[in-house]
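Asks: Chains as they are written, first to last, in this note's numbering: chain A, 223 to 525; chain B, 223 to 525.
There are 2 protein chains.
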Amino acid sequence: MRETDLLHHVRDTARRLLADRPDVIVGPGDDCAVVRTSGGVLLLKTDQIVEHRHVAAGTPLDMVARKAIARTVSDIAAMGGTPRYALVGAALPRHYPQADAQLLADALHRWGLHFGCPVVGGDVATLPRETDPFVLCVSIVGEPHPRGPVLRSGAKPGDTLCVTGAIGNSFRSGRHLMFEPRVAEAAWLASTLGDALGAMIDISDGVGLDAARIARASNITIEIDAPRLPLHTDAGPASKAIADGEDYELLFTLRPDCPIPDACPATGTPITPIGRCLPGEPGAWLLDLGTRTDVSSLGWDHR
Amino acid sequence: MRETDLLHHVRDTARRLLADRPDVIVGPGDDCAVVRTSGGVLLLKTDQIVEHRHVAAGTPLDMVARKAIARTVSDIAAMGGTPRYALVGAALPRHYPQADAQLLADALHRWGLHFGCPVVGGDVATLPRETDPFVLCVSIVGEPHPRGPVLRSGAKPGDTLCVTGAIGNSFRSGRHLMFEPRVAEAAWLASTLGDALGAMIDISDGVGLDAARIARASNITIEIDAPRLPLHTDAGPASKAIADGEDYELLFTLRPDCPIPDACPATGTPITPIGRCLPGEPGAWLLDLGTRTDVSSLGWDHR
């Protein structure tokens, strides 16, 4: 199974099945689902952590819990929303030590509260073998920004592509366990820029791959200038850093007449313009020393 | 790890951490969480299906998908609520056939729509080995009945204990793959009976164990009359049937002055009075041929 193929299949199936459901404002295929209940609009997101895959064996359980909550929160942030409540499904190996299970549960509750979405419910299941990897499935209910959810499909030719913070080498450096989901930054961008904020996504799989997702959803071409990419000092060259993923920074577009902020005032997180949106075939290209490389597939497929 | 011990630990932790969060109306420990958003009150529930554990290997994927959605819907029903939207996290073994993955995804979408909660988002992850069991985590957002959510804690001494449908032998007979979550029945009970509907739970783990959950939450004793239990013809004796679980029928209490309906008019599902609520030590007892047996632990721990 290729996860990307399955996700495309799911998106197409959902579009067909949900065509006559105007209450499903955004279905599968963006950072979150956007739905209407009798009380208002909600953002809904689910994401999983698999041992050995998203966290190495032996990762401290407090850090596992932090990452499980934070990466789902990051998807709520990618729409400019506010996380409100979390649910956790934990599938744990047979004979999992009671002390570890309690430590993990306590950490999930603590990080849920920390990130603004207390864990209000969950389920525990036991896997058949002691050697099975644990699976944590975190679902978060969020509320959209008053501006409305910031979708992947909102970019237009002429927009400037920007990124928060710095990118590259997140997994090997351990930063993937410690990142701050950009909830405050996203809300500030949505409040300050309003409709001048075009499209937004969080960088989970890689700058190239995630930029291409904006490009496809918005039906534009994206060019990224390698020298302008804000890289971590340990990240290596731009062409490698954009494929690393797990940065959980915001990648977003601004309308051409919009002044580009240097940083988010409340947090000091820097904002860097790194490229542009153009008319043309959907995809993401890296411009580096006069060469133009297709980076639409550069990144993890699909964690 | 004993799942029940962990769930108790989680409930106690959540109570402590959420003591100053009046927006979390009901946290871990009931059929669903009940939370307040800016737009109104929501029911939130997550539940998991583990291969080999909740479904046998080789179960048709359409039936796996049905059960995964239906058992979470059943928890929304247990509060008298209406399921609205579903999210699915699927962790699938390495080299899982693409055709099977698509069949499973299509079935989840179809059953979500069928049960009133379209799948609006999800995540796919790949497990490290081909022999790993798949894990499906279904989260559902529901809306409460205008009466308010029907909690486990609403029973009072003097209430009559009732059950919908028939019970026993659900897993071996295959009925655990085909049950109808009692959404319509629960909504009808809540509409018709209002505050005369005391407490409610769905029978997932066993009549004894689930009755004891009402008893503990409501601080009462429950007595069940064995001869009055509506058993499936293949269920064997009452003392065995109440430990089988996986019935997904509603177990609920009615105030003493409330006439007991024979059936739910819209669906024809029978309703049977099977026991009573009394003051006393929390627990569930089975009365059978003059013997009184503690059945508080009779059932699965904890699927």
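In this text, a Cβ means the ideal position worked out from N, Cα and C, and glycines have one as well.
Quick check on this structure: which residue in B/Ala506, B/Trp507, B/Asp510 and B/Thr475 has the alpha carbon closest to the alpha carbon of B/Thr494?
Replies: Translated into the one-based positions of the second sequence, residue 494 of chain B becomes position 272. Here the closest residue by C-alpha is B/Thr475.
Asks: Between which residues of its own chain and A/Val405 is the CB-CB distance below 6 Å, once the five residues before and five after are set aside?
Replies: Here residue 405 of chain A is taken as the residue at index 183 of the first sequence, counted from 1. These residues qualify, in order along the chain: Ala299.
Asks: Could you tell me if B/Pro527 is buried or exposed, where buried requires 16 or more neighbouring beta carbons within 10 angstroms of its beta carbon?
Replies: Any answer about residue 527 of chain B is impossible in this case: the structure gives chain B only from 223 up to 525.
Asks: For A/Lys289, which residues in chain B fall below 9 Å Cβ to Cβ?
Replies: Here residue 289 of chain A corresponds to residue number 67 of the first sequence, with the count starting at 1. Near A/Lys289 there are no residues of chain B at all, since even the closest Cβ is about 14 Å away, more than 9 Å.
Asks: Chain A beta carbons: is any one of them nearer than 9 Å to that of B/Thr281?
Replies: Indexing the second sequence from 1 puts residue 281 of chain B at position 59. With 9 Å as the cut-off, B/Thr281 does not count as an interface residue toward chain A.
Asks: Tell me the start and end of each unbroken beta strand (DSSP E) in the stretch 359–426 of chain A that is at least 3 residues and wholly inside, in chain order.
Replies: Listed in chain order, they are 382–386 and 419–424.
Asks: Closest to A/His331 by CA distance: which of B/Arg238, B/Asp252 and B/His276 is it?
Replies: As a working mapping, residue 331 of chain A is identified with position 109 in the first sequence. The shortest Cα separation from A/His331 among B/Arg238, B/Asp252 and B/His276 belongs to B/Arg238.
Asks: Between which two residues does the alpha helix (DSSP H) harbouring B/Ala312 extend?
Replies: In the second sequence, counting from the first residue as 1, residue 312 of chain B sits at position 90. B/Ala312 -> not in any alpha helix (DSSP H); beta strand (DSSP E) instead, spanning Thr304 to Leu314.
Asks: Answer yes or no: does any C-beta atom of chain A fall closer than 9 Å to that of B/Ala236?
Replies: For this step, residue 236 of chain B is matched to residue 14 along the second sequence. Closer than 9 Å to some Cβ of chain A, the Cβ of B/Ala236 qualifies, so yes.
Asks: Can you find a CB in chain B that lies within less than 9 Å of the CB of A/Leu508?
Replies: In the first sequence, the residue the question calls residue 508 of chain A occupies position 286. Chain B, which has no Cβ nearer than 9 Å to the Cβ of A/Leu508, makes this no.
Asks: Report the rounded CA-to-CA distance for A/Pro315 versus A/Ala323, giving the unit in angstroms.
Replies: Residue mapping note: residue 315 of chain A aligns to position 93 of the first sequence, counting from 1. Residue mapping note: residue 323 of chain A aligns to position 101 of the first sequence, counting from 1. Taking the straight line from one Cα to the other gives about 10 Å.
Asks: Once the 5 residues before and after B/Val286 are set aside, which same chain residues still bring their CB inside 6 Å of it?
Replies: On the second sequence, position 64 is the one that residue 286 of chain B refers to. Same-chain partners within the cutoff: Val277.
Asks: Once you ignore the five residues that flank A/Pro492 on each side, which residues in its own chain have a CB closer than 6 Å to its CB?
Replies: The residue you call residue 492 of chain A lines up with position 270 of the first sequence. Excluding sequence neighbours, A/Pro492 sits near Ala485.
Asks: Got a sec, what are the start and stop residues for the alpha helix (DSSP H) A/Thr226 sits in?
Replies: Translated into the one-based positions of the first sequence, residue 226 of chain A becomes position 4. Element bounds for A/Thr226: Glu225 to Leu239.
Asks: If we cut at 9 Å on Cβ distances, does A/Ser519 have a partner in chain C?
Replies: Going by chain labels, chain C is absent from the structure shown, which instead holds the protein chains A and B.
Asks: Going along chain B, which residues have a C-beta under 7 Å from A/His367?
Replies: Here residue 367 of chain A is taken as the residue at index 145 of the first sequence, counted from 1. Residues of chain B passing the Cβ test: none, with the nearest at roughly 12 Å.
Asks: In the DSSP assignment, find the unbroken beta strand (DSSP E) run with A/Trp507 in it and report its ends.
Replies: Indexing the first sequence from 1 puts residue 507 of chain A at position 285. Unbroken beta strand (DSSP E) run through A/Trp507: Gly505 to Asp510.
Asks: Taking only beta-carbon atoms, is A/Asp345 less than 9 Å away from chain B?
Replies: Your numbering for residue 345 of chain A matches position 123 in the first sequence. By this cut-off, A/Asp345 is an interface position.
Asks: At a CB-CB cut-off below 8 Å, which residues of chain B make contact with A/Asp227?
Replies: For this step, residue 227 of chain A is matched to residue 5 along the first sequence. Correct list: Gln320.
Asks: Helix, strand or coil for B/Gly497? Go by DSSP, reduced to three states.
Replies: Along the second sequence, one-based indexing puts residue 497 of chain B at 275. Three-state DSSP puts B/Gly497 in a strand.
Asks: Mark A/Arg525 as exposed unless 16 or more other C-beta atoms lie within 10 angstroms of its C-beta, in which case mark it buried.
Replies: Here residue 525 of chain A refers to the residue found at position 303 when the first sequence is read from its first residue. Caution is warranted here: a pLDDT of 41 is assigned to A/Arg525, below 50, making its placement in the model unreliable, and the coordinate value is therefore given only provisionally. A/Arg525 is buried by the Cβ-count criterion.
Asks: Can you list, in chain order, the residues of its chain with a C-beta nearer than 8 Å to that of A/Ile482? Leave out the 5 residues immediately preceding and following it.
Replies: The residue labelled residue 482 of chain A in the question sits at position 260 within the first sequence. Hits under 8 Å: Thr382, Cys384, Leu476, Ile493 and Pro495.
Asks: Is there contact here, the stretch 430–445 of chain B with the stretch 362–370 of chain B, by at least three beta-carbon pairs under 8 Å?
Replies: With a cut-off of 8 Å, the stretch 362–370 of chain B and the stretch 430–445 of chain B do not count as touching, because too few Cβ pairs lie within range.
Asks: Starting from the beta carbon of B/Ser260, find every residue of chain A whose beta carbon is closer than 7 Å, and list them in chain order.
Replies: Mapped onto the second sequence, residue 260 of chain B falls at position 38. Simply Gly262 and Glu365.
Asks: Could you have a look at A/Leu335 and say whether DSSP puts it in helix, strand or coil?
Replies: On the first sequence, position 113 is the one that residue 335 of chain A refers to. Helix at A/Leu335.
Asks: If the cut-off is 8 Å on Cβ atoms, which residues from the stretch 325–342 of chain A count as contacting chain B, listed in chain order?
Replies: Answer set for the stretch 325–342 of chain A: Ala327, Asp328, His331, Arg332, Leu335, Pro340, Val341 and Val342.
Asks: B/Ala296 and B/Tyr470 look like a contact to me (Cβ under 8 Å); what is the Cβ gap, rounded to whole Å?
Replies: Along the second sequence, one-based indexing puts residue 296 of chain B at 74. Along the second sequence, one-based indexing puts residue 470 of chain B at 248. It should be pointed out that residue 296 of chain B corresponds to Ser in this sequence rather than to Ala. That belief holds up - the Cβ atoms of B/Ser296 and B/Tyr470 are roughly 5 Å apart, short of 8 Å.
Asks: Do you know offhand how far A/His230's Cα is from A/Leu520's?
Replies: Numbered from 1 along the first sequence, position 8 holds the residue referred to as residue 230 of chain A. Numbered from 1 along the first sequence, position 298 holds the residue referred to as residue 520 of chain A. Approximately 18 Å, taken between the alpha carbons.
Asks: Whole angstroms are fine: how far does the CA of B/Asp354 sit from the CA of A/Thr376?
Replies: Here the question's residue 376 of chain A lines up with position 154 in the first sequence. Here the question's residue 354 of chain B lines up with position 132 in the second sequence. Note that residue 376 of chain A corresponds to Gly in the displayed sequence, not to Thr. Cα to Cα, A/Gly376 sits roughly 40 Å from B/Asp354.
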